[in-house]
Amino acid sequence: MNARVRSEERRAEIVRAALEVIAERGYRGASLAAVAERVGLTQQGLLHHFPTKEALLVAVLKERDQWDAVPDSQWRVDLLVSLVEYNAMRPGIIQTFSALLGESVTEGHPARGYFTERYRKVRENMAAVLRAAYGHRLPNGLTPERTAPLLVAVMDGLQYQWLLDPESVDMPGAFRDFLALLGEDV
2 MNARVRSEER RAEIVRAALE VIAERGYRGA SLAAVAERVG LTQQGLLHHF PTKEALLVAV
62 LKERDQWDAV PDSQWRVDLL VSLVEYNAMR PGIIQTFSAL LGESVTEGHP ARGYFTERYR
122 KVRENMAAVL RAAYGHRLPN GLTPERTAPL LVAVMDGLQY QWLLDPESVD MPGAFRDFLA
182 LLGEDV
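Quick note: the sequence shown uses the numbering used here, first residue 2, plus one each step.
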């Protein structure tokens, strides 16, 4: 195995460890030392791959987006249920995303710009999904642009509730119920 492949594998291992540490402690509570320890490196060894904590955060966010391509792809309303079901199988990723999202609303957080832009794209994408399904007006009379933030809020809100009480919150079932409110038969 050549050095480039080993370096890429080590970077992937570091990103996975960072996902775990951020899920446990949040971004502000996660230290490079804790991530380095988790993968058996010194902090200096980790800095060889990621020169700053912010660079590691960017890698974590990019990795998460590779698993969840909603911002950059065209979905149908019925396929959103599949996405919610998929999310229910990966609590660690959802926990990391939720911890970072919650912290990013504070002034000066390094992920604030990322989440601001991501949500803008997600709202645009969800409006396009709704427009493809319903045209310019949903059965409730709202436009896709007015409904898109509500759809995103339901998806993210269900994730928080599910993380807090997975035995009581049927995330996919509750999302299907929300779609039924829109008039979708799923």
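Note that CB positions come from ideal geometry on N, CA and C, so glycine has one too.
Suppose contacts are defined by Cβ-Cβ distances below 9 Å. Is L183 in contact with P140 by that definition?
yes
Restricting to Cα atoms, I'd like to know which of E118, F116, R147 is closest to A129.
R147
Are Y161 and S99 close, meaning C-beta to C-beta below 9 Å?
yes
Local conformation of V71 per DSSP, three classes:
Below a pLDDT of 50, predicted positions are generally treated as unreliable, and V71, at 49, falls in that range; the measurement from the model is reported next regardless. Three-state result, V71: helix.
Tell me the start and end of each unbroken alpha helix (DSSP H) in the region 91-135 that is at least 4 residues and wholly inside, in chain order.
92-105, 113-135
Just to confirm my understanding: we take G103, look at its own chain, exclude 5 residues before and 5 after, and list those with CB closer than 7 Å. What are they?
none
With H, G and I counted as helix, E and B as strand and the rest as coil, what does DSSP make of F179?
helix
State whether the region 19-33 contacts the region 82-100, with contact taken as three or more CB pairs (one from each stretch) at a distance under 8 Å.
yes
Once the 5 residues before and after G158 are set aside, which same chain residues still bring their CB inside 7 Å of it?
none
Going by beta carbon distance, what residues of the same chain come within less than 6 Å of A31, once the five residues before and after it are set aside?
V22, I23
Under three-state DSSP, which class holds T188?
Only positions 2 to 187 of the chain appear in the structure, and residue 188 is not among them; the question remains open.
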